[in-house]
Each structure stands twice: as structure tokens, then as C-alpha cells.
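Student: Let me begin by handing over the structure; questions about it come next.
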Amino acid sequence: MEQKRFKVLFSPSAQKEIEKLEIDKALQLATDIKTYLEAFPFPLGKNRIRKLTNFDPPLYRLRSGDFRIYYRIHSKEVIILAVVHKKDSETFLKKIR
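Shown next as C-alpha cells:
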């Protein structure tokens, strides 16, 4: 039985952030997004995905190298809100809280 896949959508700001990256970093992010977020975008065991606490609606984070991909899940869609360098994660989370 084929697993139901999720449709990944990018916010305009997340799209711009990815376009600014060097090609190798952008490719790594694209690979991780395809591998993790299209198939099963939920935390499972010791994974690179984490559901963050105290966010409503729920906010998730995927680690990809030095970057963090923040997203929300709406039915069968994964909406990527931001792609942030790990050093800027705290600032982003304070803004969105």
C-alpha cells in the first residue's frame, strides 16, 4: 500500500530564504524536505523533527545541517513558514510566539 504523501507549500518568506542560499545548502534542504516532510512530517522516535511546545496551532521543526525548517501541518499540507540558520532560531521563535 502506498503511503499517502503530504503536499509541501512554502510561504513567500521561506521561498526567499531558500533562494538566498548557496546551491549546495539549498539542495540539502530540498532533499531533507522531500525525505521527511512529504512522507511523514511528524516526530517519530529519535528524529530530526520536533513538535515545539506552547504553540497553537502546533509548530514543528526539522533540523537540516545548520538550518532549521519551521512548519505547520494542515490536513494533508505541510506549510513551511521559515528556513532559519540555527543561530537565528530564537529570534524567529520569539517573533512567531
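Numbering-wise (the numbering used here), the sequence shown opens with residue 1 and increments by one.
Don't be surprised by glycine CBs; every beta carbon is placed ideally from N, CA and C.
Would you call Arg68 buried or exposed, if buried means 16 or more other Cβ atoms sit within 10 Å of its Cβ?
Tutor: Position 68 of the sequence shown, counted from the start, is the residue given in the question as residue 68. It is buried - the Cβ of Arg68 has at least 16 other Cβ atoms within 10 Å.
Student: May I ask you to verify whether the segment 57-75 touches the segment 24-34, counting CB pairs closer than 8 Å and requiring at least 3?
Tutor: Taking 8 Å as the limit for Cβ pairs, the verdict is that the segment 24-34 does touch the segment 57-75.
Student: Return the CA-CA distance between Phe42 and Pro58, expressed in angstroms with no decimal places.
Tutor: On the sequence shown, position 42 is the one that residue 42 refers to. On the sequence shown, position 58 is the one that residue 58 refers to. When rounded, the distance between both Cα atoms is 11 Å.
Student: Quick check on the burial criterion: 16 or more other C-beta atoms within 10 angstroms. Buried or exposed for Leu37?
Tutor: If you number the sequence shown from 1, residue 37 lands on position 37. By the neighbour-count rule (16 or more Cβ atoms within 10 Å), Leu37 is buried.
Student: Is Lys87 helix, strand or coil when you go by DSSP?
Tutor: By one-based count along the sequence shown, residue 87 stands at place 87. Three-state DSSP puts Lys87 in a helix.
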